[in-house]
Amino acid sequence: MKQSIVLYKKIPSDLLQRLEDNFDVRFFDGINETNRAEVLAAIKNADGMIGASVPVRAELLDHAPKLKAISTISVGYDQFDVGDLTQRKIVLMHTPTVLTETTADTVFTLILMTARRALEMAEMVKAGKWTRSIGSDSYGVDVHHKTIGILGMGRIGAALARRAHAGFGMNVLYWNDRPNTQVEKEFNARRCELDELLAQSDFVCITLPYSEQTHKLINAERLAKMKSSAILINGARGKIVDQAALIEALKNGTIRAAGLDVFEVEPLPANSELLQLPDVVALPHIGSATEETRYNMAACAVDNLITALTGEVTENSVNAHLLK
Ligand code: DGY
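According to our numbering, the sequence shown is numbered sequentially starting from 470.
See the structure below:
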């Protein structure tokens, strides 16, 4: 008899077929108040779950006594309590490699959009307000040969450092719990203390995972340590930045601008004060959202679940090493 799984995100049909070849699949288009009772009934018999963008915590897991594996279609796993999953002997799989380059592209998009005021200028043209050559009050600032400070030096941080160094001749600083000798050698990156990075960088880019340690890491005090000409870019998780403090810092001119793909609450409420500020570029969490990368993430997650339920896990697991 096939094992049962719950799929809680739409995936391409060939990948669904691959799941169905291996498992009995119950599909739900997300997990919400409307389908919650049905989901709870389905996970009662589920050996595995696969999906994304929904918190999967004790209140759900308590209804899933047979669950052995969860495969998230994301690199981030802040939707899960890894300690709790490990105690329940549930292996958590994720997609750490396939989205690296695309997410670094998104971060660089935000750097260019904020520095060159590309959104503001494009909106001005679209509104039919380009009536004469632009004046100095519309100028942006250079990106090339400036200093980029990268918080976190994992895969995405390193892909960003490569773009900054090789493409834009930038000076690269980074803050990370351990040295990354490869980026130091290849991109001339220099590891430094957070305060030094904040004080020297023209672009402060967050590529850290969200955790208790990184919760509101960028607060009022740290924003005050940045140059008034500096730009903050967050392509990681919204809760790493104290959003209220960021709004104040932008209003007071403590920093120049912010490029944000992630927010404390997502979707960002339409009445958020952030959206009133001209120096903010806000994207709807599109870090990995290209056709190719989202397909590759779903394919990786499908393979991860098949391996976790039928084979031996050797990669892409968050907690398999703790379960041995
Ligand atoms: C990830 O994979 O973690 C991206 O942020 C999408 O959620």
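Glycine residues also receive a C-beta, built at the ideal position from the N, C-alpha and C atoms.
Annotation for Gln669: the continuous alpha helix (DSSP H) segment containing it runs Leu663 to Gln669. Only buried fits Val771, as 16 or more other CB atoms lie within 10 angstroms of its CB. Remark: the shortest separation between the CB of Gly609 and any heavy atom of the ligand DGY does not fall under 7 Å. Between Arg647 and Tyr679 the beta-carbon gap is near 19 Å, outside 8 Å, which marks them as no contact.
Relative to the ligand DGY, even the nearest heavy atom lies 7 Å or more away from the CB of Ser680. In this structure Ile619 is buried. Its beta-carbon is surrounded by 16 or more other beta-carbon atoms within 10 angstroms. DSSP places Leu701 within a strand segment (E or B) once states are collapsed to three. A direct Cα-Cα distance of roughly 17 Å separates Glu489 from Ile542. Comparing alpha carbon positions, the residue from Ile687, Ala726, Glu690 and Ala714 closest to Ser697 is Ala726. DSSP lists no bridge partner for Asp490. The beta carbons of Leu701 and Ile687 sit closer together than 8 Å. When rounded, the separation of the alpha-carbon atoms in Ser540 and Leu743 is 34 Å. Spatial neighbours of Ala751 in its own chain (CB-CB distance under 7 Å, excluding positions within 5 residues in sequence) are listed in chain order as Leu729, Leu737, Leu743 and Leu744. As computed with DSSP, Thr564 is found in no beta bridge at all. For the options Glu502, Ala511, Val551 and Leu484, the alpha carbon positioned closest to that of Glu681 is the one of Val551.
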